[in-house]
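Chains as they are written, first to last, in this note's numbering: chain A, 33 to 245; chain W, 80 to 456. No residue lacks a Cβ here, since even glycine has one placed at the ideal position from N, Cα and C. Reading through the structure tokens given below for one structure.
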């Protein structure tokens, strides 16, 4: 008997001999991003060999995280309360607002320990090809936020891709009539990078965005 | 530039093959399906790291074998270089340049410069505009990294904008973000327009030189850029002016684009006309004239490359003699020899009968069932 999964993978016939509960675990793991059929099988076989309490810990961590983590009502970063830790922190500079595409970007920027302003997470970029329109993102909330509590500067830190640029330009257009200073993060040479190794596009941007020293 | 030695192992239908081509004309002669083009393909691949045919790299591996190998020694600016490529049936290709492993494709492409003419090139003259745009893209991508980048960005913007227009047409999206897509389409599109125009001017100069050589100056050859804009009467020069012309066209067709749900103007609608004595070659030229035009366009790469690197590329010609009369064959050889090292496939030596005196340095290789037999001229 052959076993062919939804992605068309043909398994060795012994796969079909796995007991039903294990097969179901494999099938569920397979749905996770970045996990293929082979990795799913490897993970499942690993998990069922671990001590029961360790597996229970993992299961309850999954459930807890799923139930308790929600979006901050102000900036849409992840939080267990109405407002996230950053929004609650009185030492943060409310005059600076940094707009990012993804919650992970907040973590990257925080790791710098250089930026002390607030954030606004869009949860995606405008991308009609993937069916993502402006109204699917937290853009309206951003405009509303800037209107009611205007910062001195909005920093658009979406990535330098076609979609990131379009999203930044779109937001900039909506912010323009409100008179708030709007900036775009710079792009160019990676720090410590050798000119030799930069690709031409990056080098071109670095050259046109040069500054006086 | 010239190839000093080519060794193949388990490549296509070759179990083992080795040639030490001469500096001038190298003729690969044999019946159909013996492996003539596979030899050209090995050289083409070692230059571009792309296949001549739409196949996967693993198809290079000879049936029943695990790994194909191309080993090439060539002279580049008078210095001998060595390129070794191993293509496994499963897994990633590995390349060594002068015994150093190299993984960055950009460091490998065009190390050996080749110009390759195949029957496919006839489509440059006879085919749809998309064929000519592909030609412009691949030529410009080799010359200008900025073009390569802009073309990729443009394609992405175009895809996004078309998706937005279509979603709007089908009633599940508003057009709120359209100005931003327009803005980026214009930004990247203007670069493509400007670079294509500039390139077509150079191409025209070089292709005219080739065409004059091939026809003995009997035909006037001309290229006419047809940008994908509404008004083509005057072509702007500067990128900014292309941007405003593109912007103006977009404004003019906006309501129709919204009605039809697609982008109707832009470099993705470009074309160029090939004119012989003022008439469009695609419609009015004979078979032989069309082939000569295709040759002129492709071989224009020879002077183009020479201007850039001050060295002649290696020329590969697959089955070039059909449709050419003896006079044009001879003129073709005179253009290529002794200027370039040339590899040429043909099915019979009689195609070369009237050329015997025109090329001093020539080597003939008989190709039979994946084996190469060297015969002195």
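- Residues are counted here when their Cβ sits less than 7 Å from a Cβ of chain A; for the stretch 212-241 of chain W these are 224, 225, 228, 232, 235, 236, 238, 239, given in chain order.
- Per DSSP, residue 162 of chain A lies in no alpha helix (DSSP H) and is assigned neither H nor E.
- For residue 116 of chain W, the enclosing alpha helix (DSSP H) starts and ends at 115-127.
- For the stretch 145-159 of chain A, the set of positions with a beta-carbon nearer than 9 Å to some beta-carbon of chain W reads 158, 159 in chain order.
- In this structure residue 131 of chain W does not touch residue 85 of chain W by the C-beta definition: roughly 15 Å separates them, more than the 8 Å allowed.
- Within chain A, no residue has its beta carbon less than 8 Å from that of residue 179 of chain W; the closest one is some 16 Å off.
- When rounded, the separation of the alpha-carbon atoms in residue 186 of chain W and residue 179 of chain A is 51 Å.
- Sequence-distant partners of residue 184 of chain A (beyond 5 residues in either direction) whose C-beta falls short of 8 Å from its own C-beta, in its chain, are 127, 128, 212, 213.
- Taking a contact as a CB-CB distance under 8 Å, the pair residue 401 of chain W and residue 108 of chain W does not count as one, their CB atoms being some 14 Å apart.
- Leaving aside the five residues that flank residue 110 of chain A on each side, the residues in its chain whose CB is nearer than 8 Å to its CB run, in chain order, 101, 102, 103, 104, 116, 135.
- Judged by their CB atoms, residue 153 of chain W and residue 81 of chain W are nearer to each other than the 8 Å cut-off.
- Using beta-carbon distances, residue 236 of chain A counts as an interface residue toward chain W, with a partner under 8 Å.
- Cβ-Cβ distances below 6 Å link residue 144 of chain W to 89 in the same chain, with the five nearest sequence neighbours on each side left out; the list follows chain order.
- Sequence-distant Cβ neighbours of residue 212 of chain W in its own chain, meaning closer than 6 Å and more than five residues away, are 349.
- Against chain A, a Cβ distance below 7 Å from residue 321 of chain W picks out nothing, because the smallest value is about 18 Å.
- With a cutoff of 8 Å on beta-carbon distance, residue 342 of chain W and residue 336 of chain W are scored as near each other.
- Within chain A, the residues placing a beta-carbon under 7 Å from that of residue 243 of chain W are 160, ordered along the chain.
- Nearest CB-CB separation between residue 360 of chain W and chain A: not below the 8 Å threshold.
- When DSSP assignments are scanned along the stretch 365-401 of chain W, the uninterrupted stretches of alpha helix (DSSP H) that are 4 or more residues long and fall wholly within it turn out to be 366-378, 380-388.
- DSSP places residue 221 of chain A in the coil class of the three-state scheme, outside both helix and strand.
- At least one CB atom of chain W sits nearer than 8 Å to the CB of residue 201 of chain A.
- Cβ neighbours of residue 308 of chain W within its own chain (closer than 7 Å, five residues either side excluded): 324, 325, 328, 344.
- Looking only at W:247, W:251, W:235, the smallest Cα-Cα distance to residue 198 of chain A is reached by W:235.
- Contact between residue 303 of chain W and residue 352 of chain W holds: their C-beta atoms lie close to 4 Å from each other, under 8 Å.
- Residue environment for residue 135 of chain W: exposed (fewer than 16 other C-beta atoms within 10 angstroms of its C-beta).
- Here residue 202 of chain A is not bridged, per DSSP, to any residue.
- Listed by position along chain W, the residues whose Cβ is nearer than 9 Å to that of residue 143 of chain A form an empty set, because the closest Cβ is around 29 Å away.
- Interface flag for residue 340 of chain W against chain A is unset, since no Cβ pair is found closer than 8 Å.
- Along the stretch 256-275 of chain W, going in chain order, the ones with a CB nearer than 8 Å to a CB of chain A are 256, 258, 259, 260, 262, 263.
- Against chain W, a Cβ distance below 7 Å from residue 137 of chain A picks out nothing, because the smallest value is about 20 Å.
- In the structure shown, residue 87 of chain A adopts helical secondary structure according to DSSP, grouped into three states.
- Under the Cβ criterion (8 Å, minimum of three pairs), the stretch 226-234 of chain W counts as touching the stretch 257-275 of chain W.
- Below the 9 Å Cβ cutoff, chain A contributes 165, 166, 167 as neighbours of residue 253 of chain W, in chain order.
- A direct Cα-Cα distance of roughly 31 Å separates residue 174 of chain A from residue 242 of chain A.
- At least one CB of chain A lies nearer than 8 Å to the CB of residue 246 of chain W.
- The beta carbons of residue 128 of chain W and residue 188 of chain W sit closer together than 8 Å.
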